[in-house]
Amino acid sequence: MTSLDTLPAPAAPPRRHGRGMSPVVRLSAGFLVAVVGVALLADWLAPLHYTTQNLAARLKPPLFESGGVTHWLGTDQLGRDILSRLIFAIRTSILIAVAGTLIGAVFGTLLGFVAARCRGLVDQTIMMAVDAQAAIPALFLALTMLAFFGNNILLFIVLVSIDGWDRYTRLARGLVVSEQESDYINAVEGLGASTARVMLGHLLPNIVAALVVQATLNFPGTILLETSLSFLGLGVQPPETSLGLMLGEGRRYLLNAWWIAVFPGLAIFLTTLSMSLFGDWLRDRFDPTTQRN
Amino acid sequence: MLQFLAFRAARAFVTVLICVSAVFIALRLAGDPADIMLSIDTPPDVRSYYRELWGLDRPLIEQYLRYLAAVARGDFGLSFGDDRPAFEAVREALPKTVLLGGSALLLALLIGLPLGVLAALRHNSAIDRLAMASAVFGYAIPIFFLGILLILLFALKLRVLPSAGSETAWHLVLPVVTLALPLAGRLARFARTSTLEVLGKPFIRAARGRGVMPLAVILRHALPNAAVPLLMFLGIEIGGILAGSAVVETIFAWPGIGRLLVDSVSTRDLAVVQAVILTVTVIMVAANLLVDILHILIDPRLGGFARGSGRPA
């Protein structure tokens, strides 16, 4: 049936949102491609390693503030090159956010499938967990878990996926429940297909577009959760670096060296901004089931 | 209606119970509380004394019931930091967060609602685009980055506002603005959408047809109808305000529960962490229950008390 490339040629009327990309969306997509490129090619792009210190060149301002040409974006309190650190920080933050988004999406969708298929007590238990999740802000839940279990990078990635798993569960459950009664599912089941086959082979392809759109819309929240925790000093730990951690470290040097905090802050802002603009476009373009509010 | 209320209240209670249980399970999964709370070189007899004192030698189910009872009394144990009941620290910090969050919410409403309504009235005008742009900004800006930019501008460059502390009312300005601006953007988008929706309804067109001025239409007919969705929206946003407070309070050294949580997580002061997280849970659940109750009261279709004018809903 319908999959990504055979979606009903965008239902005739809502042409007003336009299928093509507006200049703003184009710019956002371009920025995202650049960010991913930087993350992938960090080792080759960075002029210096992110831990290389040069105490003789501490707190050097960026090029355009009459700093030297050796450090385009200046240096931090230990004389580390901000541009190099920024490049590696983008890699860490993007990696964690992508991993967190994937874990949340897979886990949440699976739960939604199970809830829709089993109904009854299982369904109610899962939906109660979804409600309970909505009762606590993701940041607070993540902080609590960090206090209980201590900080390590694996737990941290799992915690970052907290933001949004409930949305995938709700979405997947709702879509499966509504699809389940349709003729083609009845037909496939009548032919003797196993539950797993019905789920993965026939239901999943029909809701994958909606799930991908949801993942795109969730991504900024995931990045913000990671950067917030790292900013508070409770996420990525030195000597590793992440955008939030750089910003948190730079906070103490605002008076003398604004560039330590502002460049990573701008990187986070532009990434989340591009992602939400691109996500909005993606929703209007590919997902006929959800309408923009 | 009462039945509906009772159902909602029971559901709220169950949600809190699930959260308390989840905290208990997570705590036990994290390891033996005696190992976490006591230092490594504690003599075995002292250790077993504490295990007995904390009831750790009892069956798990009894420990769980004792935990529920203690939580219901607001007893989370003593804080490592200053050896006083953890809940006391929360009770001291909570009013500060309510002041901060309440002011931010008020400011956001004052900016966001008029902006959104105006944007809907002047659809596709410059002010409409401003409202939409501020909404995008409100969803994307990291609150800690906004806080740092405001500190740079107002505290360090212009030197007109203090950047940290809570001594005077001036100390409230930067944290409140930081918390309110993104929320105002989201509110503007929300207000714009609901106003546009209401403006398209037949009874509004009828009111206009009777010659009622547009502003009067908005105030008397459109706004009351937007109240219910607005309430729902605010119910969701309370979580956002609380989460934002953890970051904002840390940046501006504001002594609320957000900062209390961050500090106690850093020192792994588990008693305080539990006290904060469960207080926040209760607040969130209570807020959502309140939203439900107000919803019933406002919406005449649900058999509430708002009757008389025969106002269409």
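Each protein sequence line maps, in turn, to chains W and R.
Numbering follows the working numbering, in which position 292 of the first sequence is assigned residue number 292; successive positions increment by one, without gaps.
Each number in the working numbering comes from the position in the second sequence (counting from 1) with 1000 added on.
Glycine included, C-beta positions come from ideal geometry on N, C-alpha and C.
Item	Value
Among R:Pro1142, R:Tyr1064 and R:Ala1287, nearest to Phe1233 of chain R - alpha-carbon criterion	R:Ala1287
Listed by chain order, chain W residues near Arg1268 of chain R by CB distance under 7 Å	Ala147
Beta bridge counterpart(s) of Asp1045 of chain R as assigned by DSSP	Bridge partners of Asp1045 of chain R: none, in fact.
Element boundaries [alpha helix (DSSP H), containing His202 of chain W]	Unbroken run through His202 of chain W: none, as it is neither H nor E.
Contact set between the segment 22 to 36 of chain W and chain R, restricted to residues whose Cβ is under 7 Å from the partner	none
At least three beta-carbon pairs within less than 8 Å, the segment 247 to 256 of chain W to the segment 178 to 196 of chain W	no
Residue environment, Lys60 of chain W, which counts as buried when at least 16 other CB atoms sit within 10 Å	buried
Three-state secondary structure assigned by DSSP to Thr75 of chain W	strand
For Leu1183 of chain R, three-class secondary structure by DSSP	helix
Proximal chain W residues relative to Ser1264 of chain R, where beta-carbon distance stays under 8 Å	Ala147
Reduced DSSP category for Asp81 of chain W - H, G, I as helix; E, B as strand; rest coil	strand
Residues sharing a beta bridge with Leu1078 of chain R, DSSP	R:Pro1085
Within 7 Å, strictly: CB atoms of Leu1187 of chain R and Gly1112 of chain R	yes
Minimum Cβ-Cβ distance from Leu282 of chain W to chain R less than 7 Å	no
Residues that Met1132 of chain R contacts on chain A, provided the C-beta gap is smaller than 8 Å	Among the protein chains in the structure shown, which are W and R, there is no chain A.
Whether Leu1294 of chain R touches Val1276 of chain R by CB criterion (7 Å)	no
Alpha-carbon spacing of Leu1172 of chain R relative to Ser1103 of chain R, whole angstroms	9 Å
Chain-ordered neighbours of Met128 of chain W on chain R, where CB pairs are closer than 8 Å	Val1014, Thr1015 and Ile1018
Beta carbon proximity, Gly1116 of chain R to chain W, threshold 7 Å	no
Integer-rounded CB distance, given that Val160 of chain W should sit under 8 Å from Gly100 of chain W	3 Å
Check: Val1016 of chain R C-beta below 6 Å from any heavy atom of the ligand SAM	As presented, the structure is devoid of all ligands, the ligand SAM included, so that no description of it is given.
Rounded distance between the beta-carbons of Leu1179 of chain R and Ile1251 of chain R, thought under 8 Å	With a Cβ gap of about 10 Å, Ile1251 of chain R and Leu1179 of chain R do not count as contacting.
Lys1157 of chain R classed as buried or exposed, judged by whether at least 16 other C-beta atoms fall within 10 angstroms	exposed
Cβ contact (3+ pairs, closer than 8 Å) linking the segment 87 to 102 of chain W and the segment 220 to 240 of chain W	yes
Interface residues of the segment 49 to 76 of chain W facing chain R [CB-CB below 9 Å]	none
Burial state of Ala1126 of chain R, where buried means 16 or more other Cβ atoms lie within 10 Å	exposed
Test item: CB-CB of Ser1245 of chain R and Thr1015 of chain R under 7 Å	no
Chain W contact for Pro1085 of chain R (CB, 7 Å cutoff)	no
Length of the line joining the Cα atoms of Arg283 of chain W and Ala215 of chain W	11 Å
Residue burial classification, Met1284 of chain R (beta-carbon count within 10 angstroms, cutoff 16)	buried
Backbone secondary structure at Val1212 of chain R - three-state DSSP	coil
Neighbour list for Thr1250 of chain R in chain W, Cβ cutoff strictly below 8 Å	Leu232
Euclidean distance between Cα positions of Met21 of chain W and Trp281 of chain W	8 Å
Coarse secondary structure for Pro47 of chain W, derived from DSSP in three states	coil
Integer Cβ distance of Ile1257 of chain R from Leu1094 of chain R, believed to fall under 8 Å	6 Å
Separation of Ile87 of chain W from Gly1147 of chain R, as counted between CA atoms	23 Å
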